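Undergrad:
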Amino acid sequence: MNLALRGMLALLMLLAAGVLHAQEGEPVSDEVVRDREFGVSARHFGLERRVEMYQWRAKDGGFERVWSESPIDSTGYAEGHENPAFPLRGRRWLAERVTLDDKPVDRSVIEQFGQWKVFRPNFSALPGNLAATFQPEGDGLGSAENPLDPQVGDLRIGWRELTLPALQGHVSLERDTWFPIAGDPIDPATLALDAMPASNGGGYAPMPVPRLALGFAALHALMLLAFSAQVSRWRGRAKSNLGDGGNPELARWIRVQGNFIEYVPLALLLLALLEIGGAPRAWLLAGGTALFVGRSLHAWGLSRHAGFSIGRFVGTGITWSVMFAGAIGALWIAMR
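Count along the sequence shown from 1, then add 65; that gives the number in our numbering.
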């Protein structure tokens, strides 16, 4: 690979990973802090989920219904005024390592100068089981059938993101972890999922690994090796070290290998960048699986027939569809 092409690819990966930042203005990061349970993400330095439940509260010898972020103990309340268990709690995710001009910034500085701002997430990634319970309400979600007439036990959920005022230089978010609030117990399984190892060298922490894209890249690499083995096999039979030597079988396998190389690397690069950019996991699984199936069908069809074949036709259509969808998704994330 020549030096110019290598430099272009390196620049593309740096842009996708969020390493390049504006030198002045509001500090932001291309890393994503996530509330994985609701599919909500923020591109700043922290994310907070706030949960309120409509509950009974004793007042002046009677009872009233109020929204509260904390459970209200209804022990001893009159019959018909029992509060249900709080089913969902608030959480806060904060950047664990932030740098200013490549130097670590203590988290207390971020917490002191940061500003929590309410924002309305995009609920397109809301899991199906939660979509059946919650619907958009104000800037967040609500479970009440009629938001104007909530019932005891109904929930309201909202999110805030932590932003920083304009600072000279640049700030980059290097990894995130979550911290419980409102008495939320630490779940080791969740902690292991959200936290990533920090750098021991004092520089940038490792970039999040796009594991889905990595897995699909491995599968397609094995597929390419299988195609290459077929090319080598038929070269031996045709006794041709260059070209196809007039052997139709060798010619078809050379095209199977060549067509694979023409499309798959860019498709896998799109998949990796989409995963780094926070695309929904279901989309990535569907895209990677479709690409693998499409390339398998294309190879099966082309290796059997030099002309039209249903496998080649369908495989090409699937490959183009995956690349088109990936390009649209990448543009959407880039302009978000």
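Backbone N, C-alpha and C fix where the C-beta goes; we use that ideal spot for every residue, glycine too.
No experiment lies behind these values; they were computed from the predicted model shown.
Per DSSP, what are the beta-bridge partners of Gln180 in this structure?
TA: Thr228, per the DSSP bridge assignment.
Undergrad: Hey, Val217 and Trp121 are a contact pair by Cβ (cut 8 Å); roughly how many whole angstroms apart?
TA: Right, their Cβ atoms sit about 6 Å apart.
Undergrad: Counting beta carbon pairs with one atom in the stretch 143 to 156 and one in the stretch 176 to 189, are three or more of them shorter than 8 Å?
TA: These segments do not touch.
Undergrad: Rounded to a whole number of angstroms, what is the C-alpha to C-alpha distance between Leu335 and Val387?
TA: Spanning the two alpha carbons is a distance of roughly 10 Å.
Undergrad: Measuring CB to CB, does Arg377 end up less than 8 Å from His363?
TA: Cβ distance < 8 Å, so Arg377 and His363 count as in contact.
Undergrad: Which same chain residues, not among the five before or five after Leu153, have their C-beta less than 6 Å away from its C-beta?
TA: Around Leu153: Val116.
Undergrad: In terms of DSSP beta bridges, what is Ala107 paired with?
TA: In the DSSP output, where bridge partners are listed per residue, Ala107 has Val98.
Undergrad: Between the Cα of Asn150 and those of Leu159, Asp138 and His370, spot the shortest distance and give me the residue it belongs to.
TA: Looking at the sequence provided, one finds Ala at residue 150 rather than Asn. Nearest of Leu159, Asp138 and His370 to Ala150, Cα basis: Asp138.
Undergrad: Is it right to say Arg302 is buried, meaning 16 or more other beta carbons lie within 10 angstroms of its own, or is it exposed?
TA: So Arg302 counts as exposed.
Undergrad: Buried or exposed: which applies to Gly127, given that a residue is buried once 16 or more other Cβ atoms fall within 10 Å of its Cβ?
TA: Per the 10 Å Cβ criterion, exposed.
Undergrad: Which same chain residues, not among the five before or five after Glu314, have their C-beta less than 6 Å away from its C-beta?
TA: Trp299.
Undergrad: Shortest alpha-carbon distance to Ser368 belongs to which of Ala286, Ser293 and Ala278?
TA: Answer by Cα proximity: Ser293.
Undergrad: Are there any heavy atoms of the ligand HEM lying less than 7 Å away from the beta-carbon of Asp309, as far as the coordinates show?
TA: What this structure holds is no ligand at all, so the ligand HEM is not there to describe.
Undergrad: Can you tell which of Asp204, Phe281 and Thr228 has its C-alpha closest to the C-alpha of Val358?
TA: Residue Phe281 is the option with its Cα nearest to Val358.
Undergrad: Where does the unbroken alpha helix (DSSP H) through Glu202 begin, and where does it stop?
TA: Note, Glu202: premise wrong, no alpha helix (DSSP H); beta strand (DSSP E) at Gln200 to Glu202.
Undergrad: Alpha carbon to alpha carbon, what distance is there between Arg225 and Arg157?
TA: Rounded to the nearest angstrom, the two C-alpha atoms are 9 Å apart.
Undergrad: Thinking Gln200 and Gly207 are a contact (beta carbons under 8 Å), I'd like their distance in whole angstroms, please.
TA: Indeed, because the Cβ distance is near 7 Å, the residues count as touching under 8 Å.
Undergrad: Use the C-beta contact count for Glu340: other C-beta atoms within 10 angstroms, 16 or more gives buried, fewer gives exposed.
TA: By the 10 Å Cβ count, Glu340 comes out buried.
Undergrad: Spatial neighbours of Ile383 within its chain, please: CB distance less than 6 Å, with the 5 preceding and 5 following residues excluded, ordered by chain position.
TA: Once the five neighbours on either side are set aside, the close Cβ partners of Ile383 are Ala355 and Gly359.
Undergrad: Could you tell me the boundaries of the beta strand (DSSP E) in which Arg154 lies?
TA: Looking at the DSSP string, Arg154 is not in any beta strand (DSSP E), and its letter there is neither H nor E.
Undergrad: Alpha carbon to alpha carbon, how far is Leu213 from Gly352? Give it in angstroms, no decimals.
TA: Their backbone Cα atoms lie some 41 Å apart in a straight line.
Undergrad: Could you spell out the range, first to last residue, of the alpha helix (DSSP H) harbouring Ser133?
TA: Counting along the chain, Ser133 falls outside any alpha helix (DSSP H), though it belongs to the beta strand (DSSP E) covering Gly127 to Ser133.
Undergrad: Along the chain, where does the beta strand (DSSP E) that runs through Gly342 open and close?
TA: Here Gly342 belongs to no beta strand (DSSP E), and DSSP marks it neither H nor E.
Undergrad: Please look up how many angstroms separate the CB atoms of Leu287 and Gly111, rounded, as I've assumed it's under 8 Å.
TA: Not confirmed; about 41 Å, so no contact.
Undergrad: Secondary structure at Gly205, three-state DSSP: helix, strand or coil?
TA: In this structure, Gly205 counts as strand in the three-state DSSP scheme.
Undergrad: Taking all protein chains shown into account, do 16 or more other C-beta atoms lie within 10 angstroms of the C-beta of Ala196, making it buried, or fewer, making it exposed?
TA: It is exposed - the Cβ of Ala196 has fewer than 16 other Cβ atoms within 10 Å.
Undergrad: Please classify Gln120: does DSSP put it in a helix, a strand, or coil?
TA: Strand.
Undergrad: Does the beta-carbon of Gly72 have 16 or more other beta-carbons within 10 angstroms, so that it is buried, or is it exposed?
TA: Residue placement at Gly72 is flagged as unreliable, the pLDDT there being 45, under the threshold of 50; the coordinate-derived value follows with that caveat. Exposed, since its Cβ has fewer than 16 Cβ neighbours within 10 Å.
Undergrad: Tell me Ile222's beta-bridge partners as DSSP assigns them.
TA: Paired residue(s): Val116 and Leu206.
Undergrad: Taking DSSP as the reference, what is the three-state secondary structure of Ala160?
TA: In the structure shown, Ala160 sits in a strand (DSSP, three-state: E or B).
Undergrad: Report back the beta-carbon spacing between Gly104 and Glu134 to the nearest angstrom; my notes put them in contact at under 8 Å.
TA: With 8 Å as the limit, Gly104 and Glu134 do not qualify as a contact, their Cβ atoms being about 22 Å apart.
Undergrad: In whole angstroms, give me the CA-to-CA distance for Ile393 and Asn148.
TA: Looking at the two C-alpha atoms, the distance is approximately 47 Å.
Undergrad: According to DSSP, is Pro136 helix, strand or coil?
TA: DSSP places Pro136 in coil when its eight states are reduced to three.
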